[in-house]
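Below: the structure, in structure tokens.
2 protein chains.
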Amino acid sequence: MRTHKRPRMIDVAHLAGVSPATVSLVINNRLSGNVRIPPETQRRVLAAVQELGYVADPVAQSLAGTRNRLLGVFTFEAIFPVQFRDFYYPFLVGVERAAEECNFDLVLFTSTTAGDGKRRIYRGGANRLRLADGAVLLGADEDKLELQRLVEEPYPFVFIGRRELPNARLSYTAADYSAATCEVTEHLFALGHQHVAYLGASNITESLADRRSGYRQAYSRRELALNPAWIWLQGATDLAAVLGAWLKQGVTAIVTENAPFAATLVQTCHDLGIFLPADLSLAFLGDLFLDLPWDLKATSFAIPRQEMGATAVRLLAELLAQGDAAAVRQVTLPCRFVPGNSCVAPRSDPPNYIST
Amino acid sequence: MRTHKRPRMIDVAHLAGVSPATVSLVINNRLSGNVRIPPETQRRVLAAVQELGYVADPVAQSLAGTRNRLLGVFTFEAIFPVQFRDFYYPFLVGVERAAEECNFDLVLFTSTTAGDGKRRIYRGGANRLRLADGAVLLGADEDKLELQRLVEEPYPFVFIGRRELPNARLSYTAADYSAATCEVTEHLFALGHQHVAYLGASNITESLADRRSGYRQAYSRRELALNPAWIWLQGATDLAAVLGAWLKQGVTAIVTENAPFAATLVQTCHDLGIFLPADLSLAFLGDLFLDLPWDLKATSFAIPRQEMGATAVRLLAELLAQGDAAAVRQVTLPCRFVPGNSCVAPRSDPPNYIST
DNA sequence: CTGAAAGCGCTTACAG
DNA sequence: CTGAAAGCGCTTACAG
Chain A
1 MRTHKRPRMI DVAHLAGVSP ATVSLVINNR LSGNVRIPPE TQRRVLAAVQ
51 ELGYVADPVA QSLAGTRNRL LGVFTFEAIF PVQFRDFYYP FLVGVERAAE
101 ECNFDLVLFT STTAGDGKRR IYRGGANRLR LADGAVLLGA DEDKLELQRL
151 VEEPYPFVFI GRRELPNARL SYTAADYSAA TCEVTEHLFA LGHQHVAYLG
201 ASNITESLAD RRSGYRQAYS RRELALNPAW IWLQGATDLA AVLGAWLKQG
251 VTAIVTENAP FAATLVQTCH DLGIFLPADL SLAFLGDLFL DLPWDLKATS
301 FAIPRQEMGA TAVRLLAELL AQGDAAAVRQ VTLPCRFVPG NSCVAPRSDP
351 PNYIST
Chain B
357 MRTHKRPRMI DVAHLAGVSP ATVSLVINNR LSGNVRIPPE TQRRVLAAVQ
407 ELGYVADPVA QSLAGTRNRL LGVFTFEAIF PVQFRDFYYP FLVGVERAAE
457 ECNFDLVLFT STTAGDGKRR IYRGGANRLR LADGAVLLGA DEDKLELQRL
507 VEEPYPFVFI GRRELPNARL SYTAADYSAA TCEVTEHLFA LGHQHVAYLG
557 ASNITESLAD RRSGYRQAYS RRELALNPAW IWLQGATDLA AVLGAWLKQG
607 VTAIVTENAP FAATLVQTCH DLGIFLPADL SLAFLGDLFL DLPWDLKATS
657 FAIPRQEMGA TAVRLLAELL AQGDAAAVRQ VTLPCRFVPG NSCVAPRSDP
707 PNYIST
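For the protein sequence lines, the chains are A and B, in the order given. For the first sequence, counting from 1, position 117 maps to 117 in the numbering used here; every step adds exactly one. Going from the second sequence to the numbering used here is simple: count from 1 and add 356.
As structure tokens, then:
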């Protein structure tokens, strides 16, 4: 039972002495081409809007099939995560700023949480995001099946982060992890390291694949042979054992993937009595939220998170303006190399490690 | 031009050989009271739903169902501030969680930014928040005139943080800064301090007023006279001078308001060669985002930020359910005393300070 | 230039 | 028990 406290378009129309259609036209500035409404009428309409405090109901606008200047923000996990707060926040800052620029409000889909705590775009079969004109998606753990379904319908969205599907292209703003990883690895080569190992997580995502290809690229640019044993993805084997073997084989530097992983690495080095960075140089692939011991500052790269968020919104705004829901835009932004002191030149006189 | 790829209710109705109304009733389980649909019909409808992969369009549902289940989140500054990120974030976490519970989506009003960079509830006379069923407001620097206007219209909202208006009551979820400050101050008395001074900001807000009254309350509970000179609000006089005077007069402990301010205090102590906490105990009024030197851990209290956010949303949900836009709810949540080591017993043998 | 009408996809009284 | 109809608040051809 809606109490009609909120003024509706019909009220505005009455007050202004025109029809709802005219109100709609004036409000939405659809005064192009063959539609011409005299300034005086427009003024009356606007005055009525003013007087009543009228704001169009976005739900009705949406149903009627036009734009409601609402941009969705969808994450498969909580949008305000507690665990990776520091990582995600800058994306949101960027999203907000760009939305402000483009005059969009943001709708956060929190009601899409399924029974299992995970969020779903499709509830049963309906695309919940349709409440908004378009949406920005972000976060890990995306459900590829849902994404696949989303690209198949004419609904504009942009993913923050590169995401690929088997048989479809989708819009995204990515960070150039490949180039950044290549740069970091080359930095190690330039310092004089010959054998640079790679420590990664056991899973594979687009952004991890990019890092790994950047690592390989650095090797091929230097025309160095890459010993497959120097790539180790977290698995059955013990990290300490791998580390011991690497050192014996002459590995003097490691590039490592994510922060939780990096913490384990640093701890293991400590346990094995390996001095950082004197015995072993460490480079980190992306923003690190980890306090390193011994005044170590991570050599790494910075992900342009705020820009990625802002760019995603701007792309979406373009897609909407262009009105072609099938259009695909992909933008890759550079990362910034962050020099630290966790990478130094290798020892001229390497210690003789005992295997563990 | 919406393409009808998605099955609509009418399609289900056709397939099941019933009317849309029946489909709606079955799907929404509105089979109470005088509505009775034979199991066989229900089965047919459900089978059709299944076969077509039908799910109701939420947009149409909201439009038909009177409410749009959108809750606004409004701040007069950016909702994702860069400066006070750590302070505001937990409120948002609480808001999101409660919204999820209550099945509301959230709309962040970023489009309300005026030319001057500040956000406004009213744009040209229109309440922009009306887009949502109700709204949660938070943040400092609220515009009292806009708030005044908002309470005057029948629009349900809840402020996160106590806010008062001259001639109206509004709904909020507050933290009990008064009790918490009283507790912290009494803690100092219990440690043996006789003269506890108060250092505050120059402005006055509801939450600062609460702290100040808590401080006074602690004195009156102990039946101690409060020397007016021991309350100092940031102003013309130099902090160092005030501090020097206090110490000479036997002040051995200070409670201090906000973090930026607290930083100045700590620095000044350092400059004057005052050892913390041996020479001077320091208590902090609320969550402190400041690294204290010398392994000092702040004695302070924790603001129940997440709970405040969640409670605000739940209150709002209640107000909406109750349908009385004029109803006012005010909830005050307790803060948690945080024992640190920045408060210790006063020296039995106080140093003889030289005035600066 | 502007109004009347149809339609977006659903729900809810109201009849039968 | 179930259908026909009206309505939610808007937009968009289509007439005039």
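Beta carbons: idealized from backbone N, C-alpha and C, even for Gly. The structure presented is a predicted model; accordingly, all values stated were derived computationally and were not measured.
Spatially closest choice to residue i from the options, by CA coordinates
{"i": "F545(B)", "options": "A681(B), P522(B), P394(B) and Y571(B)", "result": "Y571(B)"}
{"i": "A420(B)", "options": "N68(A), D57(A) and R67(A)", "result": "D57(A)"}
{"i": "L636(B)", "options": "G409(B), A470(B), L547(B) and Q504(B)", "result": "L547(B)"}
{"i": "E674(B)", "options": "G490(B), V405(B) and V694(B)", "result": "G490(B)"}
{"i": "E719(B)", "options": "A666(B), I659(B) and S704(B)", "result": "Within the shown structure, residues of chain B are numbered from 357 to 712, placing residue 719(B) beyond reach of any answer."}
{"i": "L526(B)", "options": "D532(B), I393(B) and R518(B)", "result": "R518(B)"}
{"i": "H14(A)", "options": "N28(A), P39(A) and L46(A)", "result": "L46(A)"}
{"i": "A683(B)", "options": "K500(B), F440(B) and E508(B)", "result": "E508(B)"}
{"i": "I630(B)", "options": "A609(B), Y511(B), Y444(B) and E613(B)", "result": "A609(B)"}
{"i": "R69(A)", "options": "N459(B), T468(B), V391(B) and E407(B)", "result": "T468(B)"}
{"i": "L150(A)", "options": "A175(A), T173(A), R123(A) and A140(A)", "result": "R123(A)"}
{"i": "V687(B)", "options": "V514(B), R703(B) and R577(B)", "result": "V514(B)"}
{"i": "Q678(B)", "options": "P512(B), N583(B) and G473(B)", "result": "P512(B)"}
{"i": "L292(A)", "options": "E40(A), T268(A) and A312(A)", "result": "T268(A)"}
{"i": "A225(A)", "options": "N28(A), L333(A), Q249(A) and H195(A)", "result": "H195(A)"}
{"i": "R692(B)", "options": "S704(B), A681(B), R685(B) and F657(B)", "result": "F657(B)"}
{"i": "T185(A)", "options": "N167(A), E257(A), H270(A) and S19(A)", "result": "E257(A)"}
{"i": "G72(A)", "options": "W230(A), P20(A) and L320(A)", "result": "L320(A)"}
Amino acids of chain B, ordered along the chain, whose beta-carbon sits closer than 8 Å to that of residue i
{"i": "D210(A)", "result": "Per Cβ cutoff of 8 Å: no residues; D210(A) is ~27 Å from chain B at best."}
{"i": "N103(A)", "result": "S467"}
{"i": "Y89(A)", "result": "F436, R441 and Y445"}
Own chain, CB closer than 7 Å to residue i, minus 5 neighbours either side, in chain order
{"i": "L290(A)", "result": "A259, A262 and A263"}
{"i": "G409(B)", "result": "P363"}
{"i": "H193(A)", "result": "T252, A253, S281 and P346"}
Reduced DSSP category for residue i - H, G, I as helix; E, B as strand; rest coil
{"i": "R216(A)", "result": "helix"}
{"i": "G450(B)", "result": "helix"}
{"i": "V694(B)", "result": "strand"}
{"i": "P53(A)", "result": "The residue asked about is misnamed: residue 53(A) is Gly in this sequence, not Pro. If DSSP states are grouped into helix, strand and coil, G53(A) belongs with coil."}
{"i": "G428(B)", "result": "strand"}
{"i": "S111(A)", "result": "coil"}
{"i": "A140(A)", "result": "coil"}
{"i": "L333(A)", "result": "strand"}
{"i": "L402(B)", "result": "helix"}
{"i": "A78(A)", "result": "coil"}
{"i": "A597(B)", "result": "helix"}
{"i": "A60(A)", "result": "helix"}
{"i": "A16(A)", "result": "helix"}
Cross-chain neighbours of residue i in chain A, by beta carbon under 7 Å
{"i": "D647(B)", "result": "Result: empty, since nearest Cβ-Cβ is about 12 Å, beyond 7 Å."}
{"i": "L632(B)", "result": "The contacting residues do not exist; L632(B) stays about 24 Å from chain A at best."}
{"i": "E579(B)", "result": "The contacting residues do not exist; E579(B) stays about 44 Å from chain A at best."}
Close beta carbons around residue i, own chain, < 6 Å, minus the five adjacent residues each side
{"i": "I435(B)", "result": "L464"}
{"i": "V598(B)", "result": "W588"}
{"i": "Q662(B)", "result": "P446, V449 and G450"}
{"i": "V769(B)", "result": "Not covered by the structure: residue 769(B). The range shown for chain B is 357 to 712."}
{"i": "Y177(A)", "result": "S207, D210 and R211"}
{"i": "R222(A)", "result": "F189"}
{"i": "S698(B)", "result": "P633, L638, L652, A654 and T655"}
{"i": "G17(A)", "result": "none"}
{"i": "A168(A)", "result": "V151"}
Residues near residue i in its chain [Cβ-Cβ closer than 8 Å; skip 5 each side]
{"i": "V700(B)", "result": "L547, P633, A634 and S637"}
{"i": "L442(B)", "result": "This sequence places Asp at residue 442(B); Leu is not what is there. The residues are F645."}
{"i": "S202(A)", "result": "L233, Q234 and G235"}
{"i": "V26(A)", "result": "I37, T41, Q42, V45 and L46"}
{"i": "T561(B)", "result": "A496"}
Amino acids of chain B, ordered along the chain, whose beta-carbon sits closer than 9 Å to that of residue i
{"i": "I79(A)", "result": "L448, E452 and L462"}
{"i": "Y155(A)", "result": "Chain B residues near Y155(A): none, gap ~11 Å exceeds 9 Å."}
{"i": "A229(A)", "result": "The contacting residues do not exist; A229(A) stays about 43 Å from chain B at best."}
Neighbour list for residue i in chain B, Cβ cutoff strictly below 7 Å
{"i": "P58(A)", "result": "L487"}
{"i": "L63(A)", "result": "V415, A416 and L419"}
Chain-ordered chain A contacts of residue i [CB-CB under 9 Å]
{"i": "V401(B)", "result": "The contacting residues do not exist; V401(B) stays about 14 Å from chain A at best."}
Contacts of residue i in chain A (Cβ-Cβ under 8 Å)
{"i": "E407(B)", "result": "Within 8 Å Cβ-Cβ: nothing; E407(B) doesn't reach chain A, min ~11 Å."}
{"i": "A491(B)", "result": "Result: empty, since nearest Cβ-Cβ is about 12 Å, beyond 8 Å."}
{"i": "R670(B)", "result": "Going along chain A, no residue has its Cβ under 8 Å from R670(B), so there is no contact; the nearest lies around 14 Å."}
Quiz item: What residue ranges within the region 155-237 of chain A form continuous alpha helix (DSSP H) runs of no fewer than 4 residues, ordered along the chain?
Solution: 177-191 and 206-221
Quiz item: Taking the runs of the beta strand (DSSP E) that are 3 residues or longer, which of them lie wholly in the region 609-677 of chain B?
Solution: 609-612, 637-640 and 656-658
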